[in-house]
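J.: Heads up: the sequence shown begins at 1266 in our numbering, then just goes up one per residue. Just passing along the structure, written as structure tokens.
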Amino acid sequence: MGKLDIEEVNPHLRGGRVENHLGKNTPCSPEQDLSLDLPVLCSLAKHEISVLANYATKAGKVGHDREGPGKSPQDDTSSDQSAEGFLCPKCLKAFPTPETLQSHYETDHEVEGLSMEEITEIQRRLHEALVNNAHLEQEKKHLEQKAAQLAQDYVTVKAHSDEGDSVQLSMKERLKVLEAQVAHRESIDDTAVLRQELVQVQRVMDELNQERERERDELKTELDLYKEKYGDIHKETSR
């Protein structure tokens, strides 16, 4: 028995599409690029867990049916002779709706021929998917903690910014006083000293403003990024 691949676990996953029993194709990409972000990985992990659990359950059911007393094919044929509309392509039984046909096909035909090795491989993949999902949950918690820390840092920076605004207002008032003193003094030396002081005050104000604005922009950008990631993860995990 060869290695079980994804098409053996789910024979309808082929070539990047899902092929149903009625011949319709649905886009599907179970093996996407590793650059996928965390929300997409969460969704894929949950999908894989669901598929593997479903097939493991069906495989166990088929094994039990093989060991127990079987149902006569004639009984199945006679019980379905009155149904009309949708024929099973393998056993040619008729079913009234596409849903009942699909349920019959998945239960009686999809897992026929599965060996113990294949069932073990399905169970192994299910375990790996569960471990991967637990890892993604840890990553989600880490992002939540990081987002909370960034929010706290942003509050601290905002408080410092308000304090800086107060200092800036005080310095502006001091600047007006100095300008008034320069206007009333006739001494050239005194005027030169006051103008030099004005230049120094203005330079300090400019440096303070630039540093505060740069720090505020960096933290706000980082906070917005983590908020967006956290929102995507919350939507995916709440489904």
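Built from N, CA and C at the ideal position, the CB exists for glycine as well.
Please report the straight-line C-alpha distance between GLN1467 and LEU1408, rounded to a whole angstrom.
T.: Numbered from its first residue, the sequence shown carries residue 1467 at position 202. Numbered from its first residue, the sequence shown carries residue 1408 at position 143. Going from the Cα of GLN1467 to the Cα of LEU1408 covers about 42 angstroms.
J.: Please list the terminal residues of the continuous alpha helix (DSSP H) segment that includes LYS1358.
T.: Position 93 of the sequence shown, counting from 1, holds the residue named residue 1358. Looking at the DSSP string, LYS1358 is not in any alpha helix (DSSP H), and its letter there is neither H nor E.
J.: Could you compute how far the alpha carbon of LYS1541 sits from the alpha carbon of ASP1482?
T.: Residue 1541 falls outside the range modelled here, since the chain spans only 1266 to 1504, and no answer is possible.
J.: Figure out for me which residue from GLN1433, SER1435, VAL1432 and GLU1462 has the closest Cα to the Cα of GLN1446.
T.: Within the sequence shown, numbered from 1, the residue matching residue 1446 stands at position 181. The shortest C-alpha separation from GLN1446 is found at GLU1462.
J.: Assuming LEU1484 and ASP1418 make a contact with CB atoms under 8 angstroms, what is their CB distance in whole Å?
T.: Here residue 1484 is taken as the residue at index 219 of the sequence shown, counted from 1. Here residue 1418 is taken as the residue at index 153 of the sequence shown, counted from 1. With 8 angstroms as the limit, LEU1484 and ASP1418 qualify as a contact, their Cβ atoms being about 6 angstroms apart.
J.: Any contact of the stretch 1383-1400 with the stretch 1357-1368, i.e. 3+ C-beta pairs under 8 angstroms?
T.: At 8 angstroms Cβ cutoff, the stretches do not touch.
J.: From the DSSP output, which residues share a beta bridge with ARG1352?
T.: Taking the first residue of the sequence shown as position 1, residue 1352 is located at position 87. With the sequence shown as reference, residue 1352 is identified as Leu, and Arg is not the correct amino acid for it. DSSP lists ALA1359 as partners of LEU1352.
J.: Would a C-beta distance cut-off of 8 angstroms place ARG1477 and SER1435 closer than the cut-off?
T.: Reading the sequence shown from its first residue, position 212 is the one you call residue 1477. Reading the sequence shown from its first residue, position 170 is the one you call residue 1435. No; because the gap between Cβ atoms is not below 8 angstroms, this pair is not in contact.
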